[in-house]
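Encoded as structure tokens, the structure appears first; notes follow it.
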Ligand code: UD1
Ligand code: CA
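In my numbering, the protein residues as written are 24 to 471.
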């Protein structure tokens with residue numbers, strides 16, 4: 024017995040008004056299709072099959088990027104959800120167990136909900152996930168029930184006015200024996216208002232075969248389907264609110280939770296403080312007792328215990344801050360390790376670098392890491408002092424307990440304990456400034 028997840032993700036989603044396939048639009052930094060896959064994977068399902076449309080290379084890439092074991096199959100023409108699900112048949116040939124069919128544009132189904140559906144398979148053959156909406160104008164399919172039994176599903180377009188009054192709606196998620204699914208789908212026709220093969224029609228077909236069907240219910244928020252940009256924005260908002268609540272629950276202080284933007288995978292430790300207007304891109308972990316000050320942007324980075332970042336700092340992929348590091352305002356760090364207790368406090372770019380323990384990097388320092396073709400590394404030892412406006416022309420190594428004078432352009436390695444100074448000598452010309460001012464003012468008075 025092994026259970027499978029089939030994610031239908033072939034539609035372009037014309038109501039998004041976008042060149043991007045609908046399921047590649049993102050919520051909290053992850054494509055919708057990845058959210059749909061995540062809920063199944065959390066349940067420990069053995070196989071994931073994603074049905075993509077013709078030319079779905081971009082969707083396939085996003086799917087594989089998340090889960091290299093997922094099988095991607097193509098639905099050449101979008102003839103409906105029933106036709107889409109049928110495309111998974113070959114990928115799941117000979118597989119015994121239950122299959123979930125879920126939609127790539129319905130990203131919020133909780134693993135617990137899928138588990139309840141799996142549990143319901145003990146008593147019924149076909150399990151449909153439903154939710155209640157008391158609005159006869161919402162365009163969801165309606166579930167026709169008779170006590171505990173589900174007798175059929177009618178699409179909004181095909182529903183009578185009386186049927187549209189039914190509050191119980193179809194989420195689209197179905198759980199059924201894998202091979203039975205394909206056998207039922209074989210019988211689905213396209214004689215309806217859209218001329219499409221409807222997945223929900225398998226319920227009526229199963230009932231005609233004397234099989235049973237029932238509904239597992241969940242909250243509407245969980246089954247939110249995204250068809251428009253407005254729905255995408257609403258979903259983002261809901262997801263952010265949930266992440267903020269969860270972070271606070273986990274002991275994170277958010278001064279203004281409504282202004283903090285998380286990614287789907289952001290991890291923040293207990294007693295960390297996140298000031299207002301902080302944005303987390305994907306793959307960020309922040310340890311306990313770290314502080315991320317206002318207006319900072321973090322992505323693909325790790326901030327260790329006791330470190331402070333910002334305000335107005337940018338940590339890009341590969342930024343690794345060890346314990347008690349200080350990163351200040353208008354500092355950008357990319358692909359660099361900043362070792363314990365080091366400080367990079369003002370107006371600085373550190374890229375492709377290692378900064379040793381307790382080293383202080385002065386204002387306006389730049390690691391010149393890119394020559395237009397290659398990236399080069401800068402290594403700085405421990406307890407060193409980099410003077411303000413130092414240009415470190417990589418590849419270059421600065422030793423321990425070393426120093427650079429302000430304004431130095433470092434092109435050669437600096438040994439341990441040495442001070443590098445590379446700038447033109449200053450000359451003071453007595454009285455020259457006064458003379459120059461007079462000359463310029465006279466010129467202005469003449470109007471030239
Ligand atoms: C579907 C359900 C409806 C339910 C609603 C919940 C059907 C016929 N209708 O309607 O009962 O209330 O979801 O959100 O199932 N897709 C394909 N190939 C196709 C057609 C669709 O892969 O040929 C994919 C789409 O990319 C999408 C999903 O299936 O991810 C759902 O399709 P969509 O057209 O959005 O269905 P709804 O009209 O929302
Ligand atoms: Ca939809």
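Even glycine gets a Cβ: it sits at the ideal position worked out from N, Cα and C.
Is residue i close to ligand 1? I mean its beta-carbon at under 6 Å from any heavy atom of the ligand.
i, result
"residue 158", "no"
"residue 393", "no"
"residue 97", "no"
"residue 94", "no"
"residue 63", "no"
"residue 26", "no"
"residue 218", "no"
"residue 101", "yes"
"residue 43", "no"
"residue 72", "no"
"residue 379", "no"
"residue 170", "no"
"residue 84", "no"
"residue 10", "A question about residue 10 goes unanswered here, because the residues of the chain that appear run from 24 up to 471."
"residue 104", "yes"
"residue 190", "no"
"residue 193", "yes"
"residue 173", "no"
"residue 255", "no"
Between the C-alpha atoms of residue i and residue j, what's the straight-line distance to the nearest angstrom?
i, j, result
"residue 416", "residue 390", "6 Å"
"residue 412", "residue 443", "13 Å"
"residue 151", "residue 188", "19 Å"
"residue 479", "residue 273", "With the chain covering 24 to 471 only, the question about residue 479 has no answer from this structure."
"residue 82", "residue 129", "15 Å"
"residue 470", "residue 463", "11 Å"
"residue 351", "residue 85", "35 Å"
"residue 424", "residue 358", "23 Å"
"residue 101", "residue 287", "29 Å"
"residue 395", "residue 404", "26 Å"
"residue 143", "residue 95", "28 Å"
"residue 309", "residue 276", "13 Å"
"residue 446", "residue 393", "22 Å"
"residue 126", "residue 117", "23 Å"
"residue 301", "residue 281", "10 Å"
"residue 52", "residue 278", "22 Å"
"residue 236", "residue 122", "15 Å"
"residue 134", "residue 436", "55 Å"
"residue 361", "residue 34", "45 Å"
"residue 386", "residue 430", "10 Å"
"residue 155", "residue 184", "17 Å"
"residue 314", "residue 61", "29 Å"
"residue 217", "residue 241", "27 Å"
"residue 198", "residue 29", "10 Å"
"residue 107", "residue 55", "17 Å"
"residue 105", "residue 338", "45 Å"
"residue 400", "residue 376", "5 Å"
"residue 346", "residue 378", "13 Å"
"residue 47", "residue 344", "31 Å"
"residue 451", "residue 414", "25 Å"
DSSP puts residue i in a beta bridge; with which residues?
i, result
"residue 106", "Partner(s): none; residue 106 has no beta bridge."
"residue 98", "76"
"residue 150", "198, 237"
"residue 172", "169, 237"
"residue 28", "71, 123"
"residue 369", "352"
"residue 131", "According to DSSP, residue 131 bridges with nothing at all."
"residue 53", "50"
"residue 331", "314, 349"
"residue 192", "154, 165"
"residue 420", "402"
"residue 393", "398"
"residue 337", "320, 355"
"residue 383", "366, 408"
"residue 361", "344, 378"
Quick check: does the Cβ of residue i come within less than 6 Å of any heavy atom belonging to ligand 2?
i, result
"residue 472", "Missing from the structure shown is residue 472; the chain here goes from 24 to 471 and no further."
"residue 142", "no"
"residue 128", "yes"
Report back the beta-carbon spacing between residue i and residue j to the nearest angstrom; my notes put them in contact at under 8 Å.
i, j, result
"residue 299", "residue 322", "Residue 299 to residue 322, Cβ: 19 Å. No contact."
"residue 371", "residue 388", "5 Å"
"residue 63", "residue 109", "Contact flag wrong, Cβ pair sits at about 19 Å."
"residue 311", "residue 295", "6 Å"
"residue 168", "residue 191", "7 Å"
"residue 303", "residue 284", "6 Å"
"residue 226", "residue 149", "6 Å"
"residue 364", "residue 348", "7 Å"
"residue 166", "residue 193", "6 Å"
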